[in-house]
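I have placed the structure first, in the form of structure tokens, so that the comments after it can refer back to it.
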Amino acid sequence: MVVMIQKVRKAVFPAAGLGTRFLPATKAQPKEMLPLVDKPLIQYGVEEAIHSGIQNIIIVTGRGKTAIEDHFDVSFELEHLLESRNKKELLAIVRSVSDMINVAYVRQKEALGLGHAVLRAKELVGNEAFSVVLSDDVIDAEIPCLRQLLDVYEFYGASVVALMEVPTEAISAYGVVDAEPVAHNGAKDRLFRIRNLVEKPKASEAPSNLAIIGRYILTPEIFHSIEAIDPGSGGEIQLTDALKHLLRSRPIYGYRFDGCRYDAGDKLGFLKATVEFALRRHDLGNAFREYLRSLPL
Ligand code: UTP
């Protein structure tokens with residue numbers, strides 16, 4: 013019997029967290045609107061989804077919702093001004109953002125956790141597999157990270173989470189997996205079948221050094237699992253706990269993606285990403301490199 017695997021068409025972007033690590037910048041705007049060089053974090057995530065073949069975007073918003081909505085909306089006044097000043101390149105950039113996606117918004121009234129935020133998208137997602145992108149995890153990769161996960165999903169038809177090796181001293185900030193390697197596409201150290209997951213374990217209790225990073229492909233049964241669990245670490249409804257619940261009835265895979273991830277929700281991670289992205293820019297890279305070299309470091 014040939015089992016048809018549904019195509020993933022939708023990406024959910026939870027953007028309703030409090031962003032306490034980035035206060036005061038995140039007091040009145042979501043951290044997803046912080047710009048890396050000149051683009052807000054969420055736009056990098058949206059472009060990753062588009063380059064992975066997903067065009068339907070669902071954004072879960074909290075405080076500062078208007079900044080995100082306005083960003084992906086048409087700005088008549090701005091377009092008119094740029095047109096009248098004959099700023100064609102800028103006009104094209106501004107238009108391309110609003111032309112980019114089909115976007116729907118749903119509100120998470122209280123920041124009760126990532127699992128709770130994903131559950132808000134249940135009606136808009138419906139009964140199909142979908143992806144989740146945490147845009148404060150910025151991932152630079154030749155093949156978009158989400159595309160790498162989709163390839164695994166399209167092969168196995170099961171949920172897939174992005175994994176990355178993390179040093180022991182940092183592991184307690186992450187969801188961590190206990191997993192066994194599965195040979196896939198000629199590699200034995202990329203794909204894992206997950207046996208268990210733990211949210212923010214003590215370093216001494218972490219089952220491995222493989223941490224979950226903010227990209228997921230989820231089958232729709234995850235909604236039932238989120239509804240079934242109690243608040244966990246930090247009193248929040250954790251997506252990791254829901255995945256653990258889902259594991260009882262469905263297989264879950266982890267994929268150690270190829271690429272470089274920056275934790276842009278953290279000040280140091282954000283600074284690193286800013287410097288590296290600026291150095292790679294054709295229009296800024298050389299001047300910025302020269303400036304950095306001139307600093308008495
Ligand atoms: P984080 O774990 O980074 O939490 O959320 P946070 O509250 O945003 O930030 P800090 O730790 O206080 O600085 C991971 C992702 O989940 C979303 C966030 O917006 C981010 O994309 N999230 C988290 C929600 O949408 N709602 C929540 O209740 C919690």
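Using this note's numbering, the final residue of the sequence shown is 309, and nothing's skipped along the way. Where is the CB? At the ideal position from N, CA and C, for every residue including glycine. Predicted model, so just to flag it, every value in this text is computed and none were measured.
Can you list, in chain order, the residues of its chain with a C-beta nearer than 8 Å to that of residue i? Leave out the 5 residues immediately preceding and following it.
i	result
A310	The requested residue 310 does not occur in the structure, where the chain is confined to residues 13 to 309.
V106	S87, L90, E91 and L94
Looking only at its own chain, which residues have a Cβ that is under 7 Å from the Cβ of residue i, when we skip the five neighbours before and after it?
i	result
I229	V20, A141, S143, L161, L162, Y165, S171 and V172
V130	V24, P26, V144, I238 and L251
L136	I70, A116 and V118
S245	E211 and K212
R207	D190, A191 and E192
Pop quiz: residue i and residue j are said to be a contact at Cβ under 8 Å. What is the actual Cβ separation, rounded to whole angstroms?
i	j	result
G277	D148	3 Å
A23	V145	5 Å
L103	E91	6 Å
K212	S184	6 Å
G74	Q120	5 Å
P36	E44	Not quite, the Cβ-Cβ distance comes to about 16 Å (not below 8 Å), so this is no contact.
A215	E177	That pair is no contact at about 14 Å.
A174	R227	4 Å
C157	F282	The Cβ separation is near 18 Å, so there is no contact.
A360	V188	What the structure shows of the chain is the stretch from 13 to 309, and residue 360 is not part of that stretch, so it cannot be assessed.
I241	A254	6 Å
K279	R33	7 Å
T231	R262	6 Å
Would you mind reading off the limits of the beta strand (DSSP E) that contains residue i?
i	result
D149	D149 to D152
G187	G187 to H196
E91	Here E91 belongs to no beta strand (DSSP E); instead the alpha helix (DSSP H) covers F88 to S96.
D275	C272 to D275
G57	Element bounds for G57: not the beta strand (DSSP E) but the alpha helix (DSSP H), L53 to H63.
T252	Looking at the DSSP string, T252 is not in any beta strand (DSSP E); the run it does join, the alpha helix (DSSP H), is L251 to L259.
P22	Looking at the sequence itself, residue 22 is Lys, so the reference to Pro does not match. Unbroken beta strand (DSSP E) run through K22: K22 to A27.
A170	Run containing A170: none; DSSP gives neither H nor E here.
L209	A199 to E211
Got a sec? Which residues, its chain only, sit under 6 Å from residue i by beta carbon, not counting five neighbours each side?
i	result
F204	A191, P193 and G266
R159	S64
I66	A23
H128	I249
Just reading off the alpha helix (DSSP H) that residue i is part of, what are its end residues?
i	result
G226	That residue, G226, is in no alpha helix (DSSP H); its beta strand (DSSP E) goes L222 to L230.
L283	K279 to L291
A104	K100 to D111
G127	L126 to L131
K77	K77 to F84
I238	E233 to A240
N298	G297 to S306
V137	K134 to V137
I'd like to know whether the C-beta of residue i is nearer than 9 Å to at least one C-beta of chain B.
i	result
A191	In summary, chain B is missing from the structure at hand, where a single protein chain is found.
Please enumerate, following chain order, all residues with a beta carbon closer than 7 Å to at least one heavy atom belonging to the ligand UTP.
P26, A27, A28, G29, L30, G31, T32, R33, F34, P42, K43, E44, V72, G74, Q120, A123, L124, G125, L126, H128, A129, L146, S147, D148, G226, E248 and G277
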